[in-house]
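*Asks:*
Residue numbers (UniProt numbering), protein chains in the order written: chain G, 1 to 168; chain E, 1 to 168.
1) Measure the Cβ-Cβ separation of residue 115 of chain E and residue 79 of chain E and say whether it is below 9 Å.
2) Give the residues of chain G in contact with residue 140 of chain E, contact being defined as C-beta atoms less than 8 Å apart.
3) Using a Cβ cut-off of 7 Å, pull out every chain G residue sitting near residue 156 of chain E, in sequence order please.
4) Roughly how many angstroms lie between the CA atoms of residue 163 of chain E and residue 120 of chain E, to the nearest whole one?
5) Here's a check: name, in chain order, each residue in its chain whose Cβ is nearer than 7 Å to the Cβ of residue 48 of chain E, leaving out the five neighbours to either side.
6) What residue does the alpha helix (DSSP H) around residue 131 of chain G start on, and which one ends it?
7) Kindly indicate which residue of G:43, G:76, G:66 and G:18 has the alpha-carbon position closest to the one of residue 117 of chain G.
8) Give the secondary structure of residue 106 of chain E by DSSP, where H, G and I count as helix, E and B as strand, and everything else as coil.
9) Can you list the beta strand (DSSP E) stretches of 3 or more residues lying completely in the segment 57 to 90 of chain E, in chain order?
10) Rounding to the nearest angstrom, what Cα-Cα distance links residue 50 of chain G and residue 6 of chain E in this structure?
11) Check the C-beta distance from residue 161 of chain E over to residue 155 of chain E and give it rounded, since I have them as a contact under 8 Å.
12) Quick check: does the Cβ of residue 3 of chain G come within less than 8 Å of any heavy atom belonging to the ligand ADP?
13) Do we get a CB-CB distance below 9 Å when we pair residue 89 of chain G with the residues of chain E?
14) Since I believe residue 85 of chain G is in contact with residue 64 of chain G (beta carbons under 8 Å), could you give me their beta-carbon distance rounded to a whole number of angstroms?
15) List, in chain order, every chain G residue whose beta-carbon is nearer than 7 Å to that of residue 14 of chain E.
16) Using 9 Å as the threshold, is the C-beta distance between residue 71 of chain G and residue 98 of chain G below it?
17) Taking a Cβ distance cut-off of 9 Å, strictly less, list which residues of the segment 51 to 79 of chain E are near chain G, in chain order.
18) For residue 102 of chain G, count neighbouring C-beta atoms within 10 Å of its own C-beta (all shown protein chains included) and say buried if the count is 16 or more, exposed if not.
19) Can you pull the chain A residues whose beta carbon is under 9 Å from the beta carbon of residue 83 of chain E, in chain order?
20) Residues in the same chain with beta-carbon distance under 7 Å from residue 89 of chain E, minus the five sequence neighbours each way, listed in chain order, please.
21) Per DSSP, what are the beta-bridge partners of residue 169 of chain E in this structure?
22) For residue 126 of chain E and chain G, any beta-carbon pair shorter than 9 Å?
23) Between E:35, E:137 and E:60, which lies nearest to residue 18 of chain E when the distance is taken from Cα to Cα?
24) Starting from the beta carbon of residue 153 of chain E, find every residue of chain G whose beta carbon is closer than 8 Å, and list them in chain order.
25) Around the Cβ of residue 57 of chain E, are there at least 16 other Cβ atoms within 10 angstroms (buried) or fewer (exposed)?
26) Less than 9 Å between the C-beta atoms of residue 74 of chain G and residue 127 of chain E, yes or no?
27) Helix, strand or coil for residue 42 of chain E? Go by DSSP, reduced to three states.
28) Which residues of chain E have a Cβ atom closer than 8 Å to the Cβ of residue 49 of chain G, listed in chain order?
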């Protein structure tokens with residue numbers, strides 16, 4: 001019998017649990033430095049000011065098994081942005097990620113947004129395939145990384161990113 | 001004759017120049033690791049989605065000499081938040097920081113916000129004195145760091161922060 005997953009909005013006190021997920025759910029990608037980089041990218045401010053478009057998933061015991069941090073663009077009334085998504089690797093086959101994304105799409109539509117954007121690393125082929133399966137298309141870039149269009153120095157010197165956009 | 005400083009909203013292409021400021025304007029605080037930490041805290045998304053409450057300062061030659069990245073809380077219609085401020089250390093005596101803060105206060109007031117929040121590190125006595133001089137008061141915390149109230153593990157394990165609030 002599949003376990004029940006509960007979705008809810010994060011509160012500020014969830015910050016530490018999400019930081020823990022950022023440390024442990026990426027299979028050690030980038031070592032301790034990679035974990036620290038992920039943690040720095042999701043500061044507490046998202047759990048104070050953007051909870052109304054973010055989501056947590058918990059299992060039957062209340063353990064955190066997934067999160068999505070997103071927001072409505074303050075500058076562009078047509079746009080919403082997904083900043084960071086994490087799913088416990090033991091739960092990746094449950095469609096949990098997809099349910100988190102679709103909850104965010106619903107938030108964004110309800111707020112009158114017509115498109116959603118997000119990014120990933122050009123070497124993360126799994127993430128690229130995943131976003132494509134969710135209906136995102138890849139935006140043009142100035143690089144070709146093994147056939148994937150990417151934008152150079154997107155998140156700083158040497159940090160290329162693949163840009164995704166999806167209509168809502 | 002004092003040099004003219006020009007203020008304007010950032011655009012996405014300003015991202016690289018601000019990253020450069022984050023690298024060089026802190027007098028080497030924290031070494032290369034500290035510079036990288038500051039850069040990670042100000043990702044490109046702020047130059048895409050929150051430019052309408054952010055500000056750049058440039059000197060007469062168009063060189064970047066200061067920036068403020070802030071936003072209106074999406075969740076709390078009374079609140080605005082200042083995420084990161086940087087001023088070229090050669091320009092710190094020109095009142096440039098204060099002019100950036102006051103521009104943000106005006107943005108926030110215009111958007112109907114009644115208070116602004118921000119944080120700093122408890123060891124950064126210069127920043128604490130500076131925020132106090134701008135009318136911020138320190139919020140209570142669970143730590144006392146040499147007489148300064150701070151909140152433990154605020155930005156992650158071991159990263160205490162001083163919380164400021166100011167009425168608008």
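Positions of the beta carbon are idealized from the N, C-alpha and C atoms, including for glycine.
*Replies:* To lay it out plainly:
1) As a first step, residue 115 of chain E is located in the second chain; it is residue number 115 there, counting from the start. As a first step, residue 79 of chain E is located in the second chain; it is residue number 79 there, counting from the start. Cβ distance < 9 Å, so residue 115 of chain E and residue 79 of chain E count as in contact.
2) Position 140 of the second chain, counted from the first residue, corresponds to residue 140 of chain E. In chain order: nothing, as chain G lies at least about 15 Å away.
3) Sequence index remark: in the second chain, residue 156 of chain E carries index 156 (1-based). Near residue 156 of chain E (Cβ distances below 7 Å), the residues of chain G are 19 and 39.
4) Against the second chain, residue 163 of chain E aligns to sequence position 163. Against the second chain, residue 120 of chain E aligns to sequence position 120. Those two C-alpha atoms are separated by around 7 Å.
5) Counting from 1 along the second chain, the entry for residue 48 of chain E is found at position 48. Excluding positions up to five away in sequence, the list reads 12.
6) Here residue 131 of chain G corresponds to residue number 131 of the first chain, with the count starting at 1. Residues 125 to 133.
7) Stepping through the first chain from its first residue, residue 117 of chain G is reached at position 117. When only C-alpha atoms are compared, the closest one is G:76.
8) Mapped onto the second chain, residue 106 of chain E falls at position 106. Of the three classes helix, strand and coil, the one that applies to residue 106 of chain E here is helix, per DSSP.
9) 64 to 72 and 79 to 87
10) Along the first chain, read from residue 1 onward, the residue named residue 50 of chain G stands at position 50. Along the second chain, read from residue 1 onward, the residue named residue 6 of chain E stands at position 6. The alpha-carbon atoms of residue 50 of chain G and residue 6 of chain E are separated by roughly 32 Å.
11) Start at 1 with the first residue of the second chain, and residue 161 of chain E comes out as number 161. Start at 1 with the first residue of the second chain, and residue 155 of chain E comes out as number 155. The Cβ separation is near 6 Å, so the contact holds.
12) The ligand ADP is not among the ligands present in this structure, which contains no ligands whatsoever.
13) Position 89 of the first chain, counted from the start, is the residue given in the question as residue 89 of chain G. Not one chain E Cβ lies under 9 Å of residue 89 of chain G.
14) Locating residue 64 of chain G in the first chain gives position 64, counting from the first residue. Locating residue 85 of chain G in the first chain gives position 85, counting from the first residue. 13 Å between Cβ atoms; not a contact.
15) Stepping through the second chain from its first residue, residue 14 of chain E is reached at position 14. In chain order: nothing, as chain G lies at least about 13 Å away.
16) In the first chain, residue 71 of chain G corresponds to position 71, counting from 1. In the first chain, residue 98 of chain G corresponds to position 98, counting from 1. Their beta carbons are not under 9 Å apart, which means residue 71 of chain G does not touch residue 98 of chain G by this criterion.
17) 51, 52, 53, 71, 72, 73, 74, 75, 76 and 79
18) Indexing the first chain from 1 puts residue 102 of chain G at position 102. It counts as exposed.
19) No chain A is part of this structure, whose protein chains are labelled G and E.
20) Here residue 89 of chain E is taken as the residue at index 89 of the second chain, counted from 1. Excluding positions up to five away in sequence, the list reads 25 and 27.
21) Given that chain E is displayed from residue 1 to residue 168, the structure contains no residue 169 of chain E and the question cannot be resolved.
22) The residue you call residue 126 of chain E lines up with position 126 of the second chain. Not one chain G Cβ lies under 9 Å of residue 126 of chain E.
23) Within the second chain, the letter at position 18 stands for residue 18 of chain E. Checked all of E:35, E:137 and E:60; the closest Cα to residue 18 of chain E is E:35.
24) Residue 153 of chain E sits at position 153 when you count from the first residue of the second chain. The answer, in chain order, is 16.
25) Walking along the second chain from the start, residue 57 of chain E turns up at place 57. With 16 or more Cβ atoms within 10 Å of its Cβ, residue 57 of chain E is classed as buried.
26) As a position in the first chain, residue 74 of chain G is number 74, starting the count at 1. As a position in the second chain, residue 127 of chain E is number 127, starting the count at 1. Not closer than 9 Å, so no.
27) Translated into the one-based positions of the second chain, residue 42 of chain E becomes position 42. Coil at residue 42 of chain E, not helix or strand.
28) By 1-based counting over the first chain, the position of residue 49 of chain G is 49. Per Cβ cutoff of 8 Å: 71, 73, 74, 75, 76, 79 and 81.
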